[in-house]
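Chemist: Residue numbers (my numbering): -8 to 134.
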Amino acid sequence: MQGKRPPQAVLTKNNDLTKTEDTRKVVNGMVDALNDHMIDGIGAFFHENFHWFGNAGCGVKENLKAFQDGWQRPFQAAFSDKVCIDEARLTEGQWMAAFGRQEATHSGEFMGIAPTGKRVEIRYMDFWKVVDGKIQDNWVMVD
-8 MQGKRPPQAV
2 LTKNNDLTKT
12 EDTRKVVNGM
22 VDALNDHMID
32 GIGAFFHENF
42 HWFGNAGCGV
52 KENLKAFQDG
62 WQRPFQAAFS
72 DKVCIDEARL
82 TEGQWMAAFG
92 RQEATHSGEF
102 MGIAPTGKRV
112 EIRYMDFWKV
122 VDGKIQDNWV
132 MVD
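1) Going residue by residue through the region 5 to 50, where are the continuous alpha helix (DSSP H) segments of at least 4 residues, counting only ones entirely within it?
2) Who are K52's beta bridge partners in DSSP?
3) Find the nearest neighbour of K120 within the set V18, P(-3) and Q(-7), judged by alpha-carbon distance.
4) For V131 and N26, which I take to be in contact (beta-carbon distance under 8 angstroms), what is that distance rounded to the nearest angstrom?
5) Which residue's Cα is closest to the Cα of T3: R110, A88 and D134?
6) Under 6 angstroms Cβ to Cβ from W43, same chain only, skipping five residues before and after it: list those, please.
7) Going by DSSP, which residues form a beta bridge with V121?
8) Tell me whether the beta-carbon of F90 lies closer than 9 angstroms to the beta-carbon of A79.
9) Between the region 105 to 114 and the region 26 to 42, are three or more C-beta pairs nearer than 8 angstroms?
Shown next, in the form of structure tokens:
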């Protein structure tokens, strides 16, 4: 389309590139904790104004407690023997992104779906923004 276009990359406009390594450390630590099935002690990685923005069906979680109770606990209860495999992680400044898959056994009800007992592969993409050494925002697409 010719003519005036909407602003692009607004969220990353003021990205502080000097924060790249700090961002990588924070997100890598959080991912390791989630792979260890940590829920209650994970607050050390998250900003007090944390928001989790999931795709349709997953919803938005307005704070860490909502994320823990409305996503992490039900997800871990429904999928046993879970391992997260990031196929790529990209970090630039205050932003980090990853895509990959979780492999698990569907052993409990999740989002109204009865357990199948089958091994499943759940593909995802995550985009994290780190502010003051903590994850403030997380955009997620889960398939």
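Where a beta carbon is used, it is the ideal one built from N, C-alpha and C, also for glycine.
Modeler: Per the coordinate set shown:
1) 11 to 26
2) The residue you call residue 52 lines up with position 61 of the sequence shown. W43.
3) For the purposes of this step, residue 120 is taken as residue 129 along the sequence shown, with counting starting at 1. Of the candidates V18, P(-3) and Q(-7), the one whose C-alpha sits nearest the C-alpha of K120 is V18.
4) Along the sequence shown, read from residue 1 onward, the residue named residue 131 stands at position 140. Along the sequence shown, read from residue 1 onward, the residue named residue 26 stands at position 35. The Cβ separation is near 16 angstroms, so there is no contact.
5) The residue you call residue 3 lines up with position 12 of the sequence shown. It is A88 whose Cα lies nearest to the Cα of T3.
6) The sequence position of residue 43 within the sequence shown is 52, counting from 1. So the list reads K52, F58 and N129, once near-sequence residues are dropped.
7) Within the sequence shown, the letter at position 130 stands for residue 121. V121 is bridged to I126.
8) In the sequence shown, the residue the question calls residue 90 occupies position 99. In the sequence shown, the residue the question calls residue 79 occupies position 88. Going by C-beta atoms, F90 is nearer than 9 angstroms to A79.
9) no
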